[in-house]
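Heads up: the structure comes next, in structure tokens.
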Amino acid sequence: MTLNIFFLTITIKSRQYSEEEIKHEQYVRQLEEEIKDRKYEFYRHF
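Under UniProt numbering, the sequence shown has 4 at position 4, and the numbering climbs by one with no breaks.
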């Protein structure tokens with residue numbers, strides 16, 4: 001996608017992720033889900 005604003009050209013390209021980055025992102029999301037589950041278990045008792 002290209003935008004021309006005041007004689008300035010901005011080009012946005014989609015980024016290609018490496019396999020390592022994808023695995024890391026999945027790991028982080030898994031950890032976030034586990035933390036949410038722990039919080040839920042803790043607050044469920046109240």
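All residues carry an ideal CB built from backbone N, CA and C; glycine is no exception.
For clarity, every value in this text was computed on a predicted model and none was experimentally measured.
First through last residue of the alpha helix (DSSP H) which encompasses residue 43: Start and end: 19 to 44.
Helix, strand or coil at residue 10 according to DSSP, with G and I counted as helix: If DSSP states are grouped into helix, strand and coil, residue 10 belongs with the strands.
Neighbourhood of residue 25 by C-beta, 6 Å cutoff - its chain only, sequence neighbours within 5 removed: Within the same chain, residue 25 has no close Cβ partners at all.
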